[in-house]
Each structure stands twice: as C-alpha cells, then as structure tokens.
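2 protein chains.
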Amino acid sequence: MDNINIKVLAKELNISTSTISRAFNGSPDINKDTKEKILAFAREHNFLPNHYASNLRDKKSRTLAVIVPEIANDFFAQAINGIEEIARKKGFYILLYRTDDVFDKEVSFINYLNNGKADGIIMSVSGEANDHNYLRKLEQKNIPVVFFDRVYEDIEAAKVITNDYESSFDATEHLIDTGCKKIAYLVVNKSISIGQVRMQGYIDALKKHDIPFVDELVIDCSNDEKINYGILKKALEEIKPDGIFSSVERLAFGTYYVCNDLGIDIPRDLKVISFSSLNIAPLLCPALSTITQPAFEMGSKAATLLFEELEKKGVNIQKKEHVLKSKIFIRKSSGG
Amino acid sequence: MDNINIKVLAKELNISTSTISRAFNGSPDINKDTKEKILAFAREHNFLPNHYASNLRDKKSRTLAVIVPEIANDFFAQAINGIEEIARKKGFYILLYRTDDVFDKEVSFINYLNNGKADGIIMSVSGEANDHNYLRKLEQKNIPVVFFDRVYEDIEAAKVITNDYESSFDATEHLIDTGCKKIAYLVVNKSISIGQVRMQGYIDALKKHDIPFVDELVIDCSNDEKINYGILKKALEEIKPDGIFSSVERLAFGTYYVCNDLGIDIPRDLKVISFSSLNIAPLLCPALSTITQPAFEMGSKAATLLFEELEKKGVNIQKKEHVLKSKIFIRKSSGG
DNA sequence: TTGATGTACGCAACCGATTACTGCAAATGG
DNA sequence: CCATTTGCAGTAATCGGTTGCGTACATCAA
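Protein chains in written order, with our numbering: chain A, 104 to 439; chain B, 104 to 439.
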C-alpha cells in the first residue's frame, strides 16, 4: 500500500505496465475504456507516475531553474511571478536559487544543473566579470538559458533587458532640467554591465548639457546596508550633491535615511530619482521618482522565450536582446 | 562525449561503476587515491551523477517544496530567504510554488508532490476552510510538512507562527491609548484562521476598554487592489473610523492611498497600525506603525524543523506550534 | 603457519517508468 | 474471399546510478 507503482497497478488490474503508462501519457495506442478504467483506479489509490523514473527515461524534468541575486526585492519578486505565470501554463515548476550576488554560488548552482535537474534556466547574473565558460557546458547538454535584466555580454543567449541607457539618460536629464548642477550616480557594482550602461546614460546626459563628469560623483556602494549608510552619509556631507540618480532601489532608500538624519530636505536640497520596482513609491516621504522596469513582463517574456527554445517551434530561436521599455514616474522627490 | 555517465567513466578508468558511485557518495569502502583519481577525472570531464537516477534509487530528491500564497510580498519573500538559507546549508534546493490564495492550486500542487518530487514541504496555506484530507496522503508517503504563518488547525504538523493574538491585542490597545474610539479592523479573508486570531485580539482589547464591538467596523477586503480601494473609500467616508488596525500590509497601503485622495490626515484624523514586513515603513508618509513578524526567522525555523523531521534526530519531532514573537514599532501613523 | 580481521573493489539486481518492437484480432478494401 | 491496414496491448530493453553480497588480498596476532 505504501509503495504503489505502475507494476502493482498492472498486477491489480491484470494489465501490462506499458498500457498503464500509455494511459497517463496521452498515447493514441490505448482504448478509451481501458484508459478510463486505469485512471479511475489510479485516482482511487492516489497514484501518479513517479517523476524521477519518467525523467530518467525521457530526460525531461518539466522544471525551470530560476537564478536571481535576491528574492526579497521588488523587481525580482515580480519577475519571478511573471516567470511562474508562464511556467504554470505549460505545466512546469520552478526551482529557485538565490546567488546573493556571489559569483561562486552562481557557478556551483549552474554546475549542479548540468545533470538534467531542470530543462532550462532563466537567470539574472551576479555580474562579476569572470570567466563565463561554465555556462557553455550547458550548451553541450542542450539546456537553454535565457538572461533577464542582468546579462553576460559574451554569452550567446536570448536576453530580456530594458532600455537602461535611454532611461538613465532621460532621468539624468530630468534632474538637470529641475536645476541640478551636481548629480551623483549611485551604483552597487560599477564594473557589471548593467551598472556600466546606466552610467553611460548618466554621463552622456551630463555631456549634452555641458556638465563635466566628475569621477568623485560616482558613488560605488556595497551589498551591506550599514556600510552603504556610511558611504552615503560621507558622500552627502562631503561632496554635497544637489541631485541623486540611483541605479539601485536600495540606495535610494539609504539616501532617504541619511537625509532624514542629516536634515537634508528632499527635494529642496537634494533631488532624487531611482531605478525601482516599488509599487508604493508614491507613499514615500517624499514620493519617490522612479524608473520602473516592467518586471512582471520581463519575467514572462523570458519564460516565453525559453519555452520557444525548448519547443523549438521555429527553426532557430532569436538569441538576441529583447528590449522592454521602462517607464519614468516623476514624483515629488525630484521636484515633480 | 555528449552523454557522459557513470558507465563511460568506468570504462575509461577501467574501474567498476560501483566504485565510481562510491567516490561520489562518501562511502568508506573506497581507497583515498582511487577516489581522488575518479573525482579529478570527473571534474575534468564535467561529470556529476545524474540526480534523477540517484533519486530513483534512494528516493531522496534533496529538494524542498515551498508553497506560499504570494511571492511579491515582503513577508513571504523574506521567509523564503530564511528557508533558502537553511536549505542551502543542507545542500537542498527549493521548488517554489505560488497559490494566489486559491485552494485548488494548492491541492493540485500537493498532489503533484506526492511522487517524491520533494522530500518535504513548507507551506503557508491558502486558508480556505475546505477538506484538508489531501494533505493526509503525504503522510502515507512519508513526506513531512511544516506550516508557517498560515496554518490548518486540523492537520497535525509542526507549525511556526507568531504571537498574533497578543500583538493584535497590543496594537489595538495602543490605538485606544492614543485616543481612538472607533477602530476599524481590516482583513482579507475573515474566515481563515489567521484573520480570526487577529480579530480576536482586536475584539478583546476593545472589550477590556469597554468599547463595544461593532460588526460594521470589520472591513472584509479582497485580493484585488482596485476593489479594495472602493471598499476602503466607502468605509472611510461612511463609517468614519478614527483608527485602523490592518491585519494585512496591502490594506494599510490602500488606506494611505484613499486618505491621500480624500484629504484625510494621518495621524490627525485617522491613526493607522498594520501587520507589515516592509523594511522601509519608516520612510512612508507618514511613517507606518507596524507589527513586524520575524519573517526570515520564521522561514529558517520552519526549515530547521523540517530537517529535524527528515533526519529524525530525536525519537519524535514536536508536531506542535512554535511561536516566534512579532515586534511592534510605533511610528508617526499612529501618533508615535 | 593459520585463522581472523579489515580494506577495496566487482557483480548484478534493482529503483519505476517509457517505448520500440512484435503480435493478434478485427476492420477495411478491391 | 483474401490481402492489407488498423487498433490495442504485451515483452523486454533501457534510462543512470546505488548497494547488498561476495571475494581477493593484505595485515596481524597467536
């Protein structure tokens, strides 16, 4: 009773195991009545085919691996929802892994996935500019990868990104339009590609308005909130910017905390705009101006592309960048 | 080259497959040198034992299923982090499933898990007061379940909860202390146990201070933000409470939006306190008073209990309620 | 020298499903 | 009426590891 399997069923019903298997897999080679009898009996005995056995045979796990730097983050949480939505429709499940932005964790998980634990991978990378060859192993095993938001340029794969350069340019220009002369750029890891692209938008907007780019105004932060508080406090006290363009939501929050403590008035003394997927940005004090990425849509797009690859509908999947547009919401924090 | 497996390795190294298997599983029956030679060769050829084959044999998937109503939610996202932290240490991975508070989805996923896809389950239930016997099937298969936050009373299992009654009592009393006479209780699903417990705290606090409980002040909301906006607006306009105790974070946000639009001043006209895991609650306008559950710790505690059950360290695992305490943060929204 | 103990490894059955191949009866066609 | 196709089901090999059992050889004590 404990270990019910296809053989037990077969004996019980006086039918071969192959017929039972066919009942579960929509095979045309089975009589309708037989099939119903089997399924009814199976339901009654709470039986479903063991997935490990099935997967061992046909090498399909019906599972997607999702790799993200963080989970407790509005952007990624919404993106995961988007992925899940599509996966669910396809009858797939999600294996979730968080890298904490640590390259080694990413590598170890990818290596683990080499064994067919998942049929495909959707990831937002930790971003370190290391050797990315470990990802190439996946190709050998025919496990497709789709990147979203944070991608590796040197790996050929479908990529879902936003118009970061443009948004950054526009956001910076917006700050300039409101009168800012000394705009700081907040970033967590200057060296990763997404930080670079956003910074370029910032730099080019400055250039357009003949504001010299000063290296000192690029504030490179960490993943530790306490350390960031110190960095931001020092920057606001010593460099005294009149505008902040934050490439990361958390750093905008850090800025708010520091301003509260230092008595800096946003937006009077300092205008702030930030990349953020926080849906209660209007409720902040003051309401935060945001560049909001279509997180949910990015997730569902990434999943859709992955399924196209898995199902190989077309001849070839477009292993290119798919750009979804962010929206800029001007609110009080930048004088809106 | 494509399909490397234990047999190919065996032939290549002129060693039996059993020895190779032993090299990977910390068996004592293997020579150190042999083991190293095998592991080195395997590494070189990018080989790891196939999980589906292993699992098929020993019925262990090294995977935990995590079932939550929502993902893009501060509480659950943090709890998932807590679960992940422990799981990672044990070398386990996480299969994530979102129920959207829909009972049927919960049931279908649980049924799917019946087949050894996961070794154990951590869940926060959708909460509908239906027949929960589908969970009993898991016992037959020896798949342990740990509940957290939202539990089914009628299922025997380890449960990680917070002191909701007490917190609710204290929060309500706090509102009374600040002078509120007409406190509304916001809830999403009045009938589920967690909503009940919190309401009881609210009711008893009123009673203690001789404030009559009025049914009209229990505002039953939905999962749809737009509908909630309407419900809350109507409530604030018609019933005109002077205090809000929200059992769900989202509803506090909804209240803020409605107050913004109606020109109701928080905390002057209306004092608000809410269950919430939002870590930027101090940055809201005004700073939101919160009852904050130890989300991360609840997750890690739940995972720890599950592993105790899986490893059967003790004779018997405590299938009882484990209560972690929430913290109340009084901020400006309730006159703090 | 002999029997006991331990180490390291191989053999082969096994986990539970899938499916190519085969077989048989009934249906269909000319 | 015979040949061919079709529908349905069974046999057995297979997916890729794991492990109980058996054994060869080394070591050691008496």
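Where a beta carbon is used, it is the ideal one built from N, C-alpha and C, also for glycine.
State buried or exposed for residue i, treating a residue as buried only when at least 16 other CB atoms are found within 10 Å of its CB.
i	result
K163 of chain A	exposed
Q396 of chain B	buried
Q181 of chain B	buried
S294 of chain A	exposed
I342 of chain A	exposed
N108 of chain A	exposed
S87 of chain A	Because chain A here runs from 104 to 439, residue 87 of chain A falls outside it and cannot be looked at.
K404 of chain B	buried
K220 of chain B	buried
V418 of chain A	Note that V418 of chain A scores 47 on pLDDT, short of 50, meaning its location in the model is unreliable; the coordinates nonetheless yield the value given after this. Label assigned to V418 of chain A: exposed.
L327 of chain A	The sequence given here places Asp at residue 327 of chain A; Leu does not occur at that position. Burial call: exposed.
A143 of chain A	exposed
N176 of chain A	buried
P370 of chain B	buried
E424 of chain A	exposed
N217 of chain B	buried
I347 of chain A	buried
D267 of chain A	buried
N292 of chain A	buried
G366 of chain B	exposed
N331 of chain A	buried
V317 of chain B	exposed
T122 of chain B	buried
Regarding residue i and the ligand ZN, is the C-beta to nearest heavy atom distance less than 7 Å?
i	result
P370 of chain B	Summarising the ligand content, the structure contains no ligands, and the ligand ZN is consequently not present.
Taking Cβ-Cβ distances shorter than 7 Å, what residues in chain B pair up with residue i?
i	result
D383 of chain A	The sequence given here places Ile at residue 383 of chain A; Asp does not occur at that position. Chain B residues near I383 of chain A: F356.
A156 of chain A	L159
Y288 of chain A	Neighbours of Y288 of chain A on chain B: none; closest Cβ ~21 Å, over 7 Å.
What residues from chain B crowd round residue i, counting only those whose CB sits closer than 9 Å?
i	result
N331 of chain A	Those within 9 Å of N331 of chain A in chain B number zero; the least Cβ separation is about 14 Å.
Y255 of chain A	Going along chain B, no residue has its Cβ under 9 Å from Y255 of chain A, so there is no contact; the nearest lies around 19 Å.
In chain A, what lies closer than 9 Å to residue i by C-beta?
i	result
L151 of chain B	N214, Y215, N217 and N218
E187 of chain B	I174, L199, Y200 and R201
L387 of chain B	I383, L386, L387 and C388
For residue i, return the contacting residues in chain B, with the cut-off set at a CB-CB distance below 8 Å.
i	result
D177 of chain A	A175
Y268 of chain A	The premise fails here: Y268 of chain A is roughly 27 Å from chain B at the closest Cβ pair, so nothing lies under 8 Å.
Residue i versus chain A: which residues are under 7 Å apart at the beta carbon?
i	result
A180 of chain B	I174, A175 and A180
I183 of chain B	I174
Y359 of chain B	L386
N305 of chain B	Per the sequence presented here, residue 305 of chain B reads as Tyr, with Asn not at that position. Result: empty, since nearest Cβ-Cβ is about 24 Å, beyond 7 Å.
(message) So if I threshold CB-CB distances at 7 Å, which residues from the region 234-253 of chain A count as touching chain B?
(response) K240 and Q243
(request) Could you tell me whether the region 233-243 of chain A touches the region 253-263 of chain A, where touching means 3 or more Cβ pairs closer than 8 Å? (result) yes
(request) Identify each residue in the region 118-141 of chain B for which the Cβ-Cβ distance to at least one residue of chain A is less than 9 Å, and report them in chain order. (result) none
(request) Count the CB pairs spanning the region 270-280 of chain B and the region 200-215 of chain B that are closer than 8 Å, and state whether there are at least three. (result) no
(message) Taking contact to mean 3 or more Cβ pairs, one atom from each stretch, closer than 8 Å, check whether the region 352-364 of chain B and the region 380-392 of chain A are in contact.
(response) yes
(message) Going residue by residue through the region 327-357 of chain B, where are the continuous alpha helix (DSSP H) segments of at least 4 residues, counting only ones entirely within it?
(response) 328-337
(message) Below 8 Å, how does it come out for the region 301-321 of chain B and the region 423-433 of chain B: are there three or more Cβ pairs, yes or no?
(response) By the criterion of at least three beta-carbon pairs nearer than 8 Å, the region 301-321 of chain B is not in contact with the region 423-433 of chain B.
(message) For the region 123-136 of chain A against the region 127-134 of chain B, do three or more pairs of beta-carbon atoms, one drawn from each stretch, fall closer than 8 Å, so that the two count as touching?
(response) Touching, no, given that fewer than three Cβ pairs across the two stretches are closer than 8 Å.
(request) Specify whether the region 171-185 of chain B and the region 133-148 of chain B touch according to this definition: at least 3 beta carbon pairs, one from each stretch, less than 8 Å apart. (result) no
(request) Could you name each continuous alpha helix (DSSP H) segment of 4 residues or more that falls completely within the region 277-322 of chain B, going from the start of the chain to the end? (result) 296-311
(message) Does the region 195-202 of chain A come into contact with the region 190-203 of chain B, if we say contact requires no fewer than three beta-carbon pairs (one atom in each stretch) closer than 8 Å?
(response) yes
(message) Tell me whether the region 313-326 of chain B and the region 248-257 of chain B touch, counting them as touching only if at least three CB pairs, one residue from each stretch, are closer than 8 Å.
(response) Not touching, per the Cβ criterion.
(message) Quick check on the DSSP output: what are the complete alpha helix (DSSP H) runs of length 4 or more inside the region 147-187 of chain B, in order along the chain?
(response) When DSSP assignments are scanned along the region 147-187 of chain B, the uninterrupted stretches of alpha helix (DSSP H) that are 4 or more residues long and fall wholly within it turn out to be 154-161.
(request) Let me know the beta strand (DSSP E) ranges lying completely inside the region 354-383 of chain B, each 3 residues or longer, listed in chain order. (result) Listed in chain order, the complete beta strand (DSSP E) runs (minimum 3 residues) inside the region 354-383 of chain B are 374-378.
(message) Quick check for students: name the residue ranges of the alpha helix (DSSP H) that lie wholly in the region 190-260 of chain A, counting only runs of 4 or more.
(response) 206-216 and 239-243
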